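Below you'll find the structure, written out as structure tokens, and then a few comments.
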Amino acid sequence: MPDDFAPTSKDKFTFGLWTVGNSGRDPFGMPTRPALDPVQIVDLLGEVGGVHGVNFHDNDLIPIDASKSEADTIKQDFSKALKRNKLQVCMATTNLFTDAVFRDGAFTSNDAEVRAYAVRKTMRAMDLGAEMGARIYVFWGGREGCETDGSKDPVLAESRFRKAMNFLCDYSIDRKYDFRFALEAKPNEPRGHMFFPTTASYLALIPTLKHPEMVGVNPEVAHEQMAGLNFSHAVAQALAAEKLFHIDLNDQEPGRYDQDYRFGSSNLKAAFFLVKLLEDHKYDGFKHFDAHAYRSSDRADVIEFARGCMRTYVILRQRARQWNADKQVRTLLRQINQDSKDLDALWGTFSKGHAETLLGMQFSREKMGGKALPYEALDQRTVEILMGID
Ligand code: XLS
Ligand code: MG
Ligand code: MG
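Mind the numbering: the sequence shown is residues -10 to 379 in this note's numbering, read in order.
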């Protein structure tokens, strides 16, 4: 029987080496799965099927202390594995958070030598990403932040971050890498206080950069949700600004630590409205599942996890189409949206005439306040569509 929900390469679903390669280590426990090298991870993704591409941090692929000849062998083996499994490298990023050198941040570290090293490490990681074919370059400010506000002037920290972005954009232009940068916010991990905690923080930074056209955002479901925020609204703001360059899909119980659950596994209705938003607005970029399997999973279950992420997206996309075409939903939406082009035009552009007309208008608060808004009915229909009721 054909599977209507099987993903294909056209869906542009991607996984990071660190996602399906996650070994189950957490702050309280040792790994529960054997470590996989990049080739084994790419082969696993090939076995999953329907995946478009793979993403990496510089040190997921090449260990931080590898020699040049070791790096060359790793790159050759990795390229062969990509070819064998028909996978592309779609996004690359820098690990600026694992090594102790970054304990006080990278571009915003208080140590000028660490700041210079962080910029240099990123340049080399960009060289690697470009060589492997990536055109999207993500910046998650892993340890950009502080524990005590006495330790850093946050205005100075922001200006240091801006200068690093400006330099790295110029580096990409100079090397003709054609990268688009995607900045990824996270509110409350791993530092006590994080700089740029939300997607909106980066959207406000971008227009102050030297090359704003090259820089957008990479919002992640779990990051906005762990702070109790509505992720779709952050994505909507990025879409409106034409800055949604990349997206990290996963799931998360609000208020908890970084859980990176399988997409759609915790907040199905929120996942549905996210997919609907991306599809309604024809988001055409990569959809990266920045998630990992439960710590209790073995290799076979990791494969189920990866298939589940994609399958849930494809099913929700089908449900979003169903919702848009649903008779009851359409009737409710017609009742809810009381449009008038003339009224909107009155305050759509300012003129003295428009202002005079508006000032002279009669409004009935009683009539407007009494109009029906059947949002309960709309939400119940949404939930029933999600539960598979036709
Ligand atoms: C961490 C981030 C990270 C970035 C890439 O929480 O999600 O994995 O996506 O460095
Ligand atoms: Mg994350
Ligand atoms: Mg992420």
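Just so you know, even glycine gets a beta-carbon here, dropped at the ideal spot from N, CA and C. From a predicted model like this one, the values you see are computed outputs, not experimental measurements.
Cβ shell of L362 (< 7 Å), same chain only, five flanking positions each side left out:
Excluding the 5 residues flanking it on each side, L362 has same chain C-beta neighbours closer than 7 Å at I325, in chain order.
Less than 9 Å between CB atoms is the rule here; does T97 satisfy it with respect to chain D?
No chain D appears in this structure, which consists of one protein chain only.
When DSSP labels each residue in this structure, what does D142 get in the three-state scheme?
DSSP places D142 outside both helix and strand once states are collapsed to three, so it counts as coil.
Quick one: does the C-beta of D240 sit closer than 8 Å to a heavy atom of ligand 2?
Because no heavy atom of ligand 2 lies under 8 Å away, the Cβ of D240 does not count as near it: no.
Could you check what DSSP says for F262 in three-state terms: helix, strand or coil?
It is helical.
May I ask you to report which of helix, strand or coil DSSP gives G337?
Taken through DSSP and simplified to helix, strand or coil, G337 comes out as helix.
Would the beta-carbon of K175 be found less than 8 Å away from any heavy atom of ligand 2?
Yes - ligand 2 has a heavy atom lying nearer than 8 Å to the Cβ of K175.
State whether the region 276 to 285 contacts the region -5 to 12, with contact taken as three or more CB pairs (one from each stretch) at a distance under 8 Å.
Under the 8 Å Cβ criterion, the region 276 to 285 counts as touching the region -5 to 12, having at least three qualifying pairs.
Mind checking whether H41 and C79 have CB atoms under 9 Å apart?
Yes, they are a contact pair.
Given a threshold of 16 other Cβ atoms within 10 Å of its Cβ, counted over all protein chains shown, does H281 qualify as buried or as exposed?
Taking all protein chains in view, the Cβ of H281 is crowded by 16 or more other Cβ atoms within 10 Å, so the residue is classified as buried.
Per-residue DSSP class, three states only, for Y191:
Helix.
Here's the rule I'm using: 16 or more other beta-carbon atoms within 10 Å means buried, otherwise exposed. How should L172 be labelled?
Counting Cβ neighbours within 10 Å, L172 comes out buried, since at least 16 surround it.
DSSP three-state call for D379: helix, strand or coil?
Of the three classes helix, strand and coil, the one that applies to D379 here is coil, per DSSP.
Can you have a look at W336 and say buried or exposed, based on whether 16 or more other CB atoms are within 10 angstroms of its CB?
Under this definition W336 is an exposed residue.
Considering only C-alpha positions, which residue in the set S329, V224, N313 is nearest to L322?
Residue N313 holds the alpha-carbon nearest to the alpha-carbon of L322 among S329, V224, N313.
By C-beta, the residues closer than 5 Å to any heavy atom of ligand 3, given in chain order:
With 5 Å as the limit between CB and the heavy atoms of ligand 3, the residues that fall short of it are E209, D237, D279.
Mark L145 as exposed unless 16 or more other C-beta atoms lie within 10 angstroms of its C-beta, in which case mark it buried.
Counting Cβ neighbours within 10 Å, L145 comes out exposed, since fewer than 16 surround it.
Could you spell out the range, first to last residue, of the alpha helix (DSSP H) harbouring A81?
Where A81 is concerned, there is no enclosing alpha helix (DSSP H), although the beta strand (DSSP E) it sits in stretches over 77 to 82.
Reducing DSSP to helix, strand and coil, say where M215 ends up.
In the three-state reduction of the DSSP assignment, M215 falls in the helix class, which pools H, G and I.
C-alpha gap between L267 and R113, whole angstroms
Cα-Cα distance, rounded: 33 Å.
Secondary structure at K360, three-state DSSP: helix, strand or coil?
Three-state result, K360: coil.
Alpha-carbon to alpha-carbon, P20 and D287
Rounded to whole angstroms, D287 to P20 spans 11 Å at the Cα level.
So if DSSP puts K276 in a beta bridge, which residue, or which two residues, is it bridged to?
Partner(s): F2, I236.
Return the chain-ordered list of same chain residues with a C-beta closer than 7 Å to the C-beta of A(-5), the five sequence neighbours on each side being excluded.
Excluding positions up to five away in sequence, the list reads G39.
Could you compute how far the alpha carbon of F294 sits from the alpha carbon of M215?
The straight-line gap separating the alpha-carbon atoms of F294 and M215 is approximately 21 Å.
Identify, in the order they occur along the chain, each residue of the same chain with its Cβ nearer than 6 Å to the Cβ of T82, setting aside the five sequence neighbours on each side.
The answer, listed in chain order, is H46, V127.
Return yes when the Cβ of L76 is within less than 9 Å of the Cβ of V31, no when it is not.
Yes, these two residues count as a Cβ contact at 9 Å.
Quick one: give me the first and last residue of the alpha helix (DSSP H) that H46 is part of.
Run containing H46: none in the alpha helix (DSSP H); it sits in the beta strand (DSSP E), 42 to 46.
Three-state secondary structure (DSSP) at Y250?
If DSSP states are grouped into helix, strand and coil, Y250 belongs with the strands.
What number of angstroms, rounded off, separates the C-alpha of K175 from the C-alpha of L348?
Rounded to the nearest angstrom, the two C-alpha atoms are 45 Å apart.
Just the C-alpha distance for I304 and Y160, rounded to the nearest angstrom, thanks.
Approximately 41 Å between the Cα atoms of the pair.
N- and C-terminal bounds of the beta strand (DSSP E) containing F96:
Per DSSP, F96 lies in no beta strand (DSSP E) and is assigned neither H nor E.
Entirely within the region 269 to 325 and at least 4 residues each: give me those alpha helix (DSSP H) ranges in chain order.
For the region 269 to 325, whole alpha helix (DSSP H) runs of length 4 or above, ordered along the chain, are 288 to 314, 316 to 325.
Looking only at its own chain, which residues have a Cβ that is under 7 Å from the Cβ of S190, when we skip the five neighbours before and after it?
Excluding five sequence positions before and after S190, the CB atoms of its chain that fall closer than 7 Å to its own CB belong to A174, given in chain order.
Considering only heavy atoms of ligand 2, does any lie closer than 8 Å to the CB of H212?
Yes, the Cβ of H212 comes within 8 Å of a heavy atom of ligand 2.
Between the C-alpha atoms of Q311 and V372, what's the straight-line distance to the nearest angstrom?
Near 12 Å, if we compare the C-alpha coordinates of V372 and Q311.
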